[in-house]
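Working notes, beginning with the structure itself.
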Amino acid sequence: MIDIISVKQEFPILNTNVRDEKLCYLDNGASAQKPRVVIDAITKAYELEYSNVHRGLHYLSNLATEKFEAVRGKVKEFLSARSSDEIIFTSGATEGLNLIAYSWAENNLVKGDKVILSLAEHHSNIVPWHLLRERIGIELKWIEPRADGSLLAEDIIDAMDDETKVIAITHMSNVLGSIVDVKKICEEALSKGIISVIDGSQAIVHLPVNVQDIGCDFYVFTGHKLYGPSGSGALYARRERFEEMKPFMGGGSMINHVGTQSVSYNIPPYKFEAGTPAIVSIIGLGAAIDFVEMIGRKHIYEYENKLVEYTKARFLDLDFLALQGTSETKGGIFSFTIFENKLHPHDIATIVDQKGVAVRAGHHCAQPLLDHLGLSATCRASLAMYNTENDIDRLIDALKFCMKLVS
Ligand SMILES: Cc1ncc(COP(=O)(O)O)c(C=O)c1O
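In this note's numbering, the protein residues as written are 1124 to 1530.
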């Protein structure tokens, strides 16, 4: 059993230096670092267990298929889905959300139907709906966050009308850090026959997630933010939706029979997984899930909550800094600017990098939100289970150093 206080040691890169300073990694919202067990699982898969999956009869193909399919079971348990069939492997949240828009929405929506989105969605939960708007003429209805950055279930529920067919909402904003009461939203959506799509890309890293309890139709996440490899991810699709979904892409594995004039398809989830999947990345995702489960999601949640409170207090103490999103439900994502724009967010990120502190600056793939806030960019520090109060202190010291340069 690894204690969370010493968990940092499990991540080799966190014991390295950048620019002669010990790495202080606070860019986890973009992508998290990988524990040794994930790196080892990837190496082992290539060294000892590698072959293509599903179609072979030889030993290695069966072994690789077993390892790969076992991850479906792990994801099912991790999300508390009813069955492993409801887990579709994807390359990440972006593919999952596009799959929903093409496979389900394009076949079930017509011109004039409304899709409710919040202004705080990541582009990957916006652009697939814009593409659908361009193809079939759906309407997009936008819900604004409140002044403190919270996205209230009530506001989303109030916007549901007779034309609303889908709500597509983030579980946790990647800019404001606000956590959304998706259970309340999905309950109301279900009672009105509205399909619910939840983007769990950020939430899955910080909160226990139970898709049956939430009651959503679709839930997506991406593996690389969850301490797993890039190129891995999963989409939960409630079994009742299967009949309404057409294949997303065509190719190997997703078919039952292909003739010259006809084609029939494999059963879900394979029907939605065309071509050779990201075999080793998915095996690595399985190792990441095992790692998170070994630490314990409740344990991670409690530890991170304390760190969020500490970070909030330290940020609110800085009189030169404007924090975006201060709601009660805020998780470990802190976007900020410096008052009077004395330093551009890109300059802040570049200067703190000189002190070994990695943060992100830009629009964070959330331009509608940044427009709403009247900003073109923010600086963002985002936490993971391996961050400590010392990391926050280093960030604060580096920010004070930035201010010294301009005062
Ligand atoms: C809330 C949210 N949704 C979706 C995504 C897209 O994830 P990916 O690029 O891994 O598909 C991200 C990534 O930053 C995100 O933060």
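Just so you know, even glycine gets a beta-carbon here, dropped at the ideal spot from N, CA and C.
Keep in mind the model is a prediction, meaning the values are calculated, not measured.
Three-state secondary structure (DSSP) at residue i?
i: H1245; result: coil
i: H1347; result: helix
i: A1489; result: coil
i: G1382; result: coil
i: F1134; result: coil
i: Y1342; result: strand
i: T1399; result: coil
i: M1417; result: helix
i: F1191; result: helix
i: R1361; result: coil
i: I1317; result: coil
i: T1449; result: coil
i: L1528; result: helix
i: L1275; result: coil
i: V1475; result: helix
i: F1443; result: coil
i: R1503; result: strand
i: V1108; result: Past the boundaries of the shown model lies residue 1108; the chain is included only from 1124 to 1530, so the question cannot be answered.
i: K1288; result: strand
i: V1480; result: strand
i: T1217; result: helix
i: T1460; result: strand
Using the rule of at least 16 other Cβ atoms within 10 Å of the residue's Cβ for burial, across every protein chain shown, is residue i buried or exposed?
i: S1355; result: buried
i: N1428; result: exposed
i: D1514; result: buried
i: Q1132; result: exposed
i: R1195; result: buried
i: I1261; result: buried
i: K1369; result: exposed
i: Y1169; result: exposed
i: G1373; result: exposed
i: L1528; result: exposed
i: I1266; result: buried
i: Q1447; result: buried
i: T1399; result: exposed
i: V1386; result: exposed
i: H1294; result: buried
i: K1523; result: exposed
i: G1382; result: exposed
Could you tell me how far apart the beta carbons of residue i and residue j are, in whole angstroms, since I believe they sit closer than 8 Å?
i: L1349; j: V1415; result: 7 Å
i: V1289; j: I1317; result: 7 Å
i: V1332; j: L1202; result: 6 Å
i: T1188; j: H1181; result: So it is not a contact: roughly 11 Å between Cβ atoms.
i: C1525; j: L1466; result: 6 Å
i: H1469; j: A1484; result: 5 Å
i: L1263; j: V1480; result: The pair is not a contact, with the Cβ atoms about 37 Å apart (cut-off 8 Å).
i: E1311; j: D1236; result: About 18 Å; that fails the 8 Å criterion.
Tell me, please, which residues DSSP counts as bridged to residue i.
i: D1494; result: Looking at the DSSP assignment, D1494 forms no beta bridge with any residue, so it has no partner.
i: W1265; result: L1240
i: V1141; result: E1144
i: G1455; result: G1455 is not bridged to any residue.
i: V1295; result: The amino acid at residue 1295 is misidentified as Val; the sequence shows Met. Note: M1295 sits in a beta bridge opposite I1302.
i: D1322; result: T1293 and V1343
i: C1309; result: In the DSSP output, where bridge partners are listed per residue, C1309 has none listed.
i: Y1388; result: I1378
i: N1210; result: Rather than Asn, the amino acid found at residue 1210 in this sequence is Ile. Answer is Y1359, bridged to I1210.
i: D1150; result: S1505
Look at the Cβ atom of residue i, then the Cβ atom of residue j, and state whether they are nearer than 8 Å.
i: A1411; j: G1346; result: yes
i: T1460; j: A1472; result: no
i: F1344; j: A1216; result: yes
i: D1322; j: L1220; result: yes
i: I1406; j: K1190; result: yes
i: R1517; j: R1362; result: no
i: V1305; j: C1339; result: yes
i: V1397; j: M1417; result: It should be pointed out that residue 1397 corresponds to Ala in this sequence rather than to Val. No, these two residues do not count as a Cβ contact at 8 Å.
i: S1301; j: T1452; result: yes
i: Y1359; j: I1210; result: yes
i: A1507; j: A1155; result: yes
i: H1422; j: I1128; result: no
i: N1248; j: A1291; result: yes
i: H1487; j: R1503; result: yes
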